[in-house]
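Numbering (the working numbering), first residue to last: 9 to 301.
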């Protein structure tokens with residue numbers, strides 16, 4: 009495989025991990041729902057010209073499906089931003105969020121009767137053991153941020169299942185643009201109903217973190233991800249995306265002094281191992297298809 013897409017995927021995961029840091033800093037003064045709403049509305053507006061120029065517009069049915077996926081994505085991200093507003097344990101949270109990949113088959117089974125294979129049931133207990141170790145080794149406090157992370161991961165797992173089932177025929181840039189817009193609208197509506205902006209205003213530094221979230225962690229990351237995915241297999245991309253919680257844990261340790269105990273490292277290792285094992289059949293199948301007869 010060409011090294012360029014692999015290097016791009018490494019950069020994408022670094023930008024995704026940096027997005028956790030950007031978001032955590034931005035919501036120190038910005039209301040969390042308002043942050044999500046404005047961030048994703050702006051990102052959708054930045055992507056709209058690209059979608060309009062490069063891809064055919066979606067039909068009404070496709071628009072409804074994409075909007076439904078976007079509503080689920082918005083709910084997940086609002087739960088996620090609530091979690092990071094209450095905890096500095098971003099590394100543990102990132103590993104918990106990564107388990108959404110394993111929750112998606114359960115959601116597909118419940119909603120669409122797509123029963124997971126035997127291999128899935130072998131990896132699920134490993135991931136659960138990892139989550140238990142992560143939760144036991146992290147001081148989550150009375151903020152219940154562990155609950156918010158788990159709720160966000162569960163909602164994201166449902167979103168992934170719905171996305172795979174309904175949205176396969178929608179042009180990718182339009183799909184992303186619509187989902188980002190729905191997330192932004194949901195966050196903006198929730199903010200208007202429940203939040204108030206700080207009376208003292210927002211400092212210039214916070215707007216810098218906000219700009220980094222929009223331009224770097226959202227728009228640039230999506231553009232690089234799209235470019236990388238066009239040049240590599242789904243299996244390789246899925247494995248590379250597992251670097252995101254690793255980078256997030258490193259950044260959280262450096263910037264927020266998140267402790268790295270033995271139980272936490274073991275839990276992170278179990279979650280990462282479960283995700284690798286879950287993707288292994290797809291990777292092996294891809295390798296066999298590339299092997300000449």
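A virtual CB, placed ideally from N, CA and C, is assigned to each residue, including glycine.
- Message: Starting from residue 70, trace the alpha helix (DSSP H) in both directions and tell me its first and last residue.
- Response: First-last of the alpha helix (DSSP H) with residue 70: 68 to 94.
- Give the straight-line distance between the Cα atoms of residue 94 and residue 263, rounded to the nearest whole angstrom. If you draw a straight line from the Cα of residue 94 to the Cα of residue 263, it is about 16 angstroms long.
- Where residue 278 and residue 138 are concerned, what is the direct C-alpha to C-alpha distance, given to the nearest angstrom? Going by the C-alpha atoms only, they are around 5 angstroms apart.
- Task: Closer than 6 angstroms by C-beta to residue 70: which residues in its own chain qualify, once you throw out the five before and the five after it? Chain order, please.
- Result: Correct list, in chain order: 178.
- Task: For residue 105, name the three-state secondary structure that DSSP assigns.
- Result: Three-state DSSP puts residue 105 in a helix.
- If we count the other Cβ atoms within 10 Å of its Cβ and call it buried at 16 or more, is residue 158 buried or exposed? By the neighbour-count definition (other C-beta atoms within 10 Å, threshold 16), residue 158 is a buried residue.
- Assuming residue 2 contacts residue 87 under a Cβ cut-off of 8 angstroms, what Cβ separation, rounded to an integer in Å, is found between them? Because the chain is modelled from 9 through 301, residue 2 falls outside the range shown and cannot be assessed.
- Task: Report yes if the C-beta distance between residue 103 and residue 276 is below 7 angstroms; otherwise report no.
- Result: In this structure, residue 276 lies closer than 7 angstroms to residue 103 by Cβ.
- Exposed or buried, what is residue 289 when buried is set at 16 or more other beta-carbons lying within 10 Å of its beta-carbon? Around the beta-carbon of residue 289, fewer than 16 other beta-carbon atoms lie within 10 Å, marking it exposed.
- Query: Are the beta-carbon atoms of residue 269 and residue 187 separated by less than 7 angstroms?
  - Reply: Contact: no.
- Message: Below 8 angstroms, how does it come out for the segment 33 to 49 and the segment 213 to 229: are there three or more Cβ pairs, yes or no?
- Response: They touch, by the three-pair rule.
- Query: Buried or exposed: which applies to residue 265, given that a residue is buried once 16 or more other Cβ atoms fall within 10 Å of its Cβ?
  - Reply: By the 10 Å Cβ count, residue 265 comes out exposed.
- Query: Can you give the Cα-Cα distance for residue 21 and residue 283, rounded to whole angstroms?
  - Reply: If you draw a straight line from the Cα of residue 21 to the Cα of residue 283, it comes to about 16 angstroms.
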